[in-house]
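Worksheet for the structure shown next.
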Amino acid sequence: MARLGRILPRLSADRPLLCQLAALHGQRDDPELQAVGETVTSAPGRSAELLRRLFYTWLRLDEPGHPASVSAIPVPSQPSGPGARRVPHEAPMFVTVSVTDDGTVAADGEVIVRRYPAARQHGHGPHIASAHLAADRDDPDRRWPRTADVLLVPSGRTAARPEEDPWCAYAAESSGCGLLAAETEEDGCLALLPDGGRVRVSWLERPAWAAFPLAASAVYAWTVRERTVGTAPARPTRSERIAVRAGDLPDPGLLDLAYV
1347 MARLGRILPR LSADRPLLCQ LAALHGQRDD PELQAVGETV TSAPGRSAEL
1397 LRRLFYTWLR LDEPGHPASV SAIPVPSQPS GPGARRVPHE APMFVTVSVT
1447 DDGTVAADGE VIVRRYPAAR QHGHGPHIAS AHLAADRDDP DRRWPRTADV
1497 LLVPSGRTAA RPEEDPWCAY AAESSGCGLL AAETEEDGCL ALLPDGGRVR
1547 VSWLERPAWA AFPLAASAVY AWTVRERTVG TAPARPTRSE RIAVRAGDLP
1597 DPGLLDLAYV
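First residue of the sequence shown? That's 1347 in the numbering used here, and the numbers climb one at a time after it.
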């Protein structure tokens, strides 16, 4: 911007603005301006890469091996309720899920979900040896969505009718995505599967800890991953209900899975 300011003339308050802008437009082929333009990027994450390279060059240090990334800053907003907070994207999580399909009167099976902040794990410890990765599709640190098993799209970033959005529009950047979850009302989601299948997920019993990323991971384990007692059966033609527990918390939730 400093180089650009030295090249371009200052706007004058004494002349029509449109005429001044038209004159500037005529300078777009100027070689010096083109040289400045080549230093500008609009590719996501590229600015962080260029800035880090510049700073480490000035410091005469070698750059770190991991990709340059920045954390998104939430836009200030009025809280929607007690304890509510606004986040720009869902934090990436390693998620372990134990699944039992011994049905009861109320549910077809049960899952126990445990989540661990991915950025803090520093490798794969034994507690996350069998974990899957759940990440926000728009996380500015592209390492997470590109390798995610479950891609999350919070409400406000989905179409008015999420079921009309094609799988490829969401999952193309992910190398191994097995489920995409678009948030719906009351912490539910529409789960999109790689084969085109869709599952509308809603909480029939919604405890205080219920959240759509947790529901998405439960559905991923139930419908996509191999179960603890063999291979998952063919997709049912009716709705299913699964009990969900969050770690060792006492109050279970109950999810309804409607295959559409």
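C-beta: ideal position from N, C-alpha, C; glycine also.
In the DSSP secondary-structure assignment, SER1548 is bridged to ASP1602.
Under the criterion of beta carbons closer than 8 Å, GLU1532 and ARG1546 do not qualify as touching, at roughly 12 Å. A contact is defined here as three or more CB-CB pairs under 8 Å, and the segment 1408 to 1417 fails this definition with respect to the segment 1558 to 1571.
Looking from the CA of PRO1540, the closest CA among PHE1558, LEU1525, PRO1486 belongs to LEU1525. Sixteen is the threshold: when 16 or more other Cβ atoms of the shown chains lie within 10 Å of the Cβ of SER1548, as they do, the residue is buried. Closest option to THR1493, judged by alpha-carbon separation, among ASP1454, ALA1537, TRP1555, MET1439: MET1439. Going by DSSP, ILE1458 is part of the beta strand (DSSP E) stretching over 1455 to 1463.
Residue pairing of SER1444 in beta bridges, as defined by DSSP: ILE1458.
Rounded to the nearest whole angstrom, the CA to CA distance from LEU1538 to THR1569 is 11 Å. Under DSSP, ALA1562 shares a beta bridge with no residue.
Taken through DSSP and simplified to helix, strand or coil, ASP1482 comes out as strand. A distance below 7 Å between beta-carbons, with the five flanking residues on each side excluded, links LEU1498 to the following residues of its chain, in chain order: GLU1436, ALA1480, ALA1481, ASP1482, ARG1483, ALA1527, PRO1559, ALA1562.
Using a Cβ distance threshold of 7 Å, ARG1488 and GLY1391 count as a contacting pair.
Here ARG1356 is exposed: its Cβ has fewer than 16 other Cβ atoms, across all protein chains shown, within 10 Å.
Per DSSP, the unbroken beta strand (DSSP E) holding VAL1496 starts and ends at 1496 to 1499. Judged by DSSP secondary structure, CYS1535 falls within the beta strand (DSSP E) whose first and last residues are 1535 to 1538.
Shortest Cα-Cα distance from ALA1554 to any of GLY1351, PRO1596, ALA1453, HIS1478 involves PRO1596.
With contacts defined as CB atoms closer than 7 Å, VAL1496 and TYR1402 fail to qualify as a contacting pair. Ranked by how close their Cα comes to the Cα of ALA1604, the residues THR1387, PRO1598, LEU1550 have LEU1550 in first place. At least 7 Å separates the beta-carbon of VAL1443 from that of ARG1461. Membership of ILE1588 in the beta strand (DSSP E) is indicated by the continuous run 1586 to 1592.
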